[in-house]
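Trainee:
Number of protein chains: 2
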Amino acid sequence: MRAALIHGAGDVRVADVSDPALVEPTDAVVRVVVTCVCGSDLHPYHSKPDAEEGDQIGHEFVGIVEELGDQVAGVSVGDMVIAPFAYADDACDYCREGLQTSCPNGGFHSGAQAEKIRVPQASGSLVAVPGDVDQALLPSLLTLTDVYPTGWHAAVQAGVGPGSTVTVIGDGAVGLLAVLSAKQLGATTIILMGRHTARTDLGREFGATHVVASRGEEGIAEVRAITDGEGTHAVLEAVGHMPAYEQALGAVRPGGVISRVGVPQYEEAPVGFGSLFRHNITLTGGPAPVRAYIEQLLPAVLDGTVEPGRVFDRVIGLSEVPEGYRAMDDRESLKVMVDPTR
Amino acid sequence: MRAALIHGAGDVRVADVSDPALVEPTDAVVRVVVTCVCGSDLHPYHSKPDAEEGDQIGHEFVGIVEELGDQVAGVSVGDMVIAPFAYADDACDYCREGLQTSCPNGGFHSGAQAEKIRVPQASGSLVAVPGDVDQALLPSLLTLTDVYPTGWHAAVQAGVGPGSTVTVIGDGAVGLLAVLSAKQLGATTIILMGRHTARTDLGREFGATHVVASRGEEGIAEVRAITDGEGTHAVLEAVGHMPAYEQALGAVRPGGVISRVGVPQYEEAPVGFGSLFRHNITLTGGPAPVRAYIEQLLPAVLDGTVEPGRVFDRVIGLSEVPEGYRAMDDRESLKVMVDPTR
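Protein sequence lines correspond, in order, to chains A and B.
Numbering-wise, the first sequence is residues 1 to 342 according to the UniProt record's numbering.
Numbering-wise, the second sequence is residues 1 to 342 according to the UniProt record's numbering.
(1) Kindly say whether T189 (chain B), judged by its beta-carbon, lies nearer than 8 angstroms to any beta-carbon of chain A.
(2) How would you list, in chain order, the residues of chain A whose beta-carbon sits under 8 angstroms from the beta-carbon of R96 (chain B)?
(3) Helix, strand or coil: how does DSSP classify P254 (chain A) here?
(4) Measuring alpha carbon to alpha carbon, tell me which of B:P130, B:T282, B:R326, B:L68 ends up nearest A154 (chain B).
(5) Which residues of chain B have a Cβ atom closer than 7 angstroms to the Cβ of S249 (chain A), listed in chain order?
(6) Where A198 (chain B) and E24 (chain A) are concerned, what is the direct C-alpha to C-alpha distance, given to the nearest angstrom?
(7) Keeping to the same chain, check which residues put their C-beta closer than 7 angstroms to that of L185 (chain A); ignore five residues upstream and five downstream.
(8) Which residue comes first and which comes last in the alpha helix (DSSP H) that contains residue 356 (chain B)?
(9) Mapping DSSP to helix, strand and coil, what is G159 (chain A)?
(10) Give a yes or no on contact between the stretch 302-315 of chain B and the stretch 128-145 of chain B, applying the rule of three or more CB pairs nearer than 8 angstroms.
(11) Considering E67 (chain A), what are the terminal residues of the alpha helix (DSSP H) in which it resides?
(12) Per DSSP, what kind of secondary structure is K48 (chain A) in: helix, strand or coil?
(13) Could you check whether the Cβ of G54 (chain A) sits closer than 8 angstroms to any Cβ belonging to chain B?
(14) Please list, in chain order, all residues of the same chain as L176 (chain A) whose beta carbon is under 7 angstroms from its beta carbon, the five residues on each side excluded.
(15) Let me make sure I understand the geometry here. Which of B:Q100, B:V263, B:I190, B:V166 has the alpha-carbon closest to that of I294 (chain B)?
(16) State yes or no: is the C-beta of V119 (chain A) within less than 8 angstroms of the C-beta of D19 (chain A)?
(17) Give a yes or no on whether 8 angstroms exceeds the smallest Cβ distance from T232 (chain A) to chain B.
(18) Are the Cβ atoms of V166 (chain A) and H233 (chain A) separated by less than 8 angstroms?
(19) Please check if any C-beta of chain B sits within less than 8 angstroms of the C-beta of G107 (chain A).
(20) Taking a contact to mean a Cβ-Cβ separation below 8 angstroms, would you say residue 352 (chain B) touches A114 (chain B) in this structure?
(21) Looking only at DSSP bridge pairs, what is E53 (chain B) linked to?
(22) Taking A269 (chain A) as the query, report the chain B residues whose CB atoms sit under 9 angstroms from its CB, ordered along the chain.
(23) For L192 (chain B), which residues from the same chain have a beta carbon less than 6 angstroms from its beta carbon, with the 5 sequence-adjacent residues on both sides left out?
(24) Between the alpha carbons of K116 (chain B) and E246 (chain B), how many angstroms are there, rounded?
(25) Using the three-state DSSP reduction, which class does M193 (chain A) fall into: helix, strand or coil?
(26) Is there contact between the stretch 50-62 of chain B and the stretch 254-271 of chain B, where contact requires at least three CB pairs shorter than 8 angstroms?
(27) By a C-beta neighbour count over all protein chains shown, 10 Å radius and 16 as the cutoff for buried, is Q71 (chain A) buried or exposed?
(28) Express the C-alpha separation of L42 (chain B) and D329 (chain B) in angstroms, rounding to a whole number.
(29) Along the chain, which unbroken stretches of the beta strand (DSSP E) at least 3 residues long are found entirely within the stretch 236-324 of chain B?
(30) Would you check if the distance between the CB atom of V29 (chain A) and the CB atom of E66 (chain A) is smaller than 8 angstroms?
(31) Using 8 angstroms as the limit for Cβ to Cβ distance, is L42 (chain B) near chain A?
(32) Give me the chain B residues within the contact set of T101 (chain A), using Cβ-Cβ distance strictly less than 8 angstroms, ordered along the chain.
(33) Kindly list the residues whose CB is nearer than 8 angstroms to the CB of L5 (chain A), restricted to its own chain and excluding five residues on each side of it in sequence; keep chain order.
(34) Among A:L276, A:V252, A:E267, which residue has its Cα nearest to the Cα of E267 (chain B)?
(35) Between N280 (chain B) and G286 (chain A), how many whole angstroms is the CB-CB distance? I'm expecting something under 8 angstroms.
(36) Using the C-alpha atoms, what's the distance from Y325 (chain B) back to R331 (chain B)?
Here it is in structure tokens:
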């Protein structure tokens with residue numbers, strides 16, 4: 001089959017690789033119907049050391065079950081399935097608590113930008129889409145594998161609820177879907193910090209009440225001006241770089257929560273008396289346990305109440321994946337969907 | 001009147017200073033019945049630059065109201081009052097939310113180690129003790145000004161409830177009262193990390209189910225051994241130094257909460273993928289809004305159900321305050337109570 005492989009920074013290629021096969025009795029093999037490039041795929045795209053042997057990449061996909069191991073229950077061959085970017089056994093304490101990303105038998109997919117993929121822990125991970133699926137829903141269903149529940153996780157972890165004031169840092173797909181999530185959870189002030197007008201316009205449609213294009217101290221001052229000098233209860237940080245963290249510190253209200261879902265590209269950060277401690281700021285977040293949220297988020301996608309799939313602004317074939325990375329990295333494209341049959 | 005003043009590191013003196021007087025109509029003047037030395041007083045005791053002019057110090061006191069400004073309501077001259085270490089107006093959004101430590105008209109007392117003290121925002125801060133007060137309750141009432149609600153705040157912010165597993169780092173007064181608080185809130189496993197047997201013995205009486213005397217990697221390994229390798233849901237960090245933070249990272253369970261109430265003596269700390277993010281660890285805490293908790297904690301103190309005052313292991317007069325600092329700094333004494341009449 002054909003698959004995308006990353007060989008180093010800026011070096012993604014499409015090549016023929018062996019078809020995936022069942023290895024464990026808990027595995028499935030899924031034919032990929034739609035996949036996409038994630039903002040977090042851009043981190044290795046920036047920094048991966050060069051290697052002759054490429055690594056398969058991609059962790060978001062909706063597909064059709066082709067084969068199932070003997071121990072897989074709950075899905076059938078032929079089902080259309082949504083695959084959370086983290087697989088998990090759905091049997092341990094962490095899965096039962098809704099923290100599937102910490103499942104000891106879990107892991108992260110790699111290799112979804114391909115025609116097919118092997119899915120470990122298929123019972124605990126895959127969610128079959130009920131009924132006949134309208135093809136027009138595929139983009140929104142695809143967001144349920146990662147970016148939409150990730151935005152939702154940011155908002156839930158921050159305690160966003162009716163009347164909350166929220167700042168969202170980042171106008172990528174996760175940031176925009178954090179806006180949508182905050183709106184669904186009842187936030188009344190949603191300030192989107194981002195500078196790409198096409199994206200922030202979509203953010204307004206998703207529920208942003210204010211857009212702040214400035215960054216750093218100037219951006220913080222604008223957030224404070226909107227909130228009577230106080231900052232917002234919740235800051236949803238969907239970038240992962242230090243300037244975004246610093247913006248979060250400046251935008252959060254005393255007693256508020258900074259909820260991070262952008263993978264931190266730093267290890268140390270200010271957390272002392274002058275940053276988090278003095279005003280009881282909480283820092284939370286992490287990889288979203290997507291599997292915990294799908295049943296909750298799916299109905300509004302299926303009935304068209306929300307259209308998170310609007311974050312996709314380009315559809316390409318598998319051979320164009322390298323160009324998809326380039327377009328997202330150059331911010332020509334917000335999020336690229338890949339149809340492996342094209 | 002006589003008062004303790006800090007002139008520099010290791011240099012606390014008792015001297016005659018002017019009596020405090022009402023300045024604002026919202027002030028009270030309170031005669032100090034009992035005060036004490038706090039673990040956080042030891043931070044300036046270690047690091048304050050030398051100065052000819054000393055600063056009055058101390059922020060925990062129970063006293064008798066001597067004078068009241070025109071705008072003070074809710075307390076009367078002659079009342080015995082508990083004074084939260086942070087004063088606040090009890091009129092702003094933050095006070096109404098129970099975050100009095102972020103009140104814009106609030107601040108922190110300084111000068112309680114004295115015969116009298118001026119109390120700003122007396123209406124919003126002072127809590128009159130009902131009825132005739134049994135003198136034997138004074139130590140426990142004094143803990144309600146800071147260390148007991150601070151331990152309680154650590155546990156509440158960490159979400160400790162029935163069945164929680166908890167690690168408490170630090171066997172000082174706050175750590176021991178965090179143990180007591182976790183027990184009151186229903187925690188079933190309470191691991192106290194501390195190496196002073198007299199203190200950890202008191203911790204066991206307060207509710208600790210395990211004591212870990214080792215520090216660093218060895219201490220972390222012991223906590224993990226007690227918890228099937230997982231760590232605890234909550235880690236209450238009552239020290240404030242970096243090794244305690246690192247211990248907290250090692251002791252917390254995936255999805256758990258590190259709740260800090262020891263004033264951080266560092267600004268930067270690990271918070272990235274490998275420390276907090278990967279397993280959705282939440283970092284919370286800050287100065288305890290003591291005023292928010294007093295009504296809740298007072299009844300069990302008054303009826304003797306709990307005896308948080310057992311953290312005091314020495315009573316001294318005002319002239320002995322310098323010796324009290326030395327004894328606490330040398331860990332000869334857990335917590336020193338000061339009776340200004342002695």
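Ideal placement from N, C-alpha and C gives every residue a C-beta, glycine not left out.
Mentor: The structure says:
(1) Residue contact check for T189 (chain B) against chain A: no CB pair falls below 8 angstroms.
(2) Near R96 (chain B) there are no residues of chain A at all, since even the closest Cβ is about 12 angstroms away, more than 8 angstroms.
(3) strand
(4) Looking at B:P130, B:T282, B:R326, B:L68, the one whose alpha-carbon comes closest to that of A154 (chain B) is B:T282.
(5) Correcting the residue identity first, residue 249 (chain A) is Leu in this sequence and not Ser. Near L249 (chain A) there are no residues of chain B at all, since even the closest Cβ is about 12 angstroms away, more than 7 angstroms.
(6) 54 angstroms
(7) A155, V160, G161
(8) Residue 356 (chain B) is absent from the model: chain B starts at 1 and stops at 342.
(9) coil
(10) yes
(11) Where E67 (chain A) is concerned, there is no enclosing alpha helix (DSSP H), although the beta strand (DSSP E) it sits in stretches over 61-68.
(12) coil
(13) no
(14) So the list reads R199, L202, G203, F206, V311, once near-sequence residues are dropped.
(15) B:Q100
(16) In this structure, D19 (chain A) does not lie closer than 8 angstroms to V119 (chain A) by Cβ.
(17) no
(18) yes
(19) no
(20) What is shown of chain B runs 1 to 342, which leaves residue 352 (chain B) out entirely.
(21) Partner(s): none; E53 (chain B) has no beta bridge.
(22) E268, A269, P270, V271, G272
(23) V168, V179, T200, G203, A208, V211
(24) 41 angstroms
(25) strand
(26) no
(27) With fewer than 16 other CB atoms across the displayed protein chains lying within 10 angstroms of its CB, Q71 (chain A) is exposed.
(28) Linking D329 (chain B) to L42 (chain B) through their CA atoms gives a straight-line distance of about 7 angstroms.
(29) 252-260, 268-270, 282-285, 314-317
(30) yes
(31) no
(32) Per Cβ cutoff of 8 angstroms: H279, N280.
(33) Within the same chain, L5 (chain A) has close Cβ partners V12, R13, V14, A15, V17, G54, D55, Q56, I57.
(34) A:L276
(35) Indeed they touch by this definition, with Cβ atoms about 3 angstroms apart.
(36) For R331 (chain B) and Y325 (chain B), the gap between their C-alpha atoms comes out near 10 angstroms.
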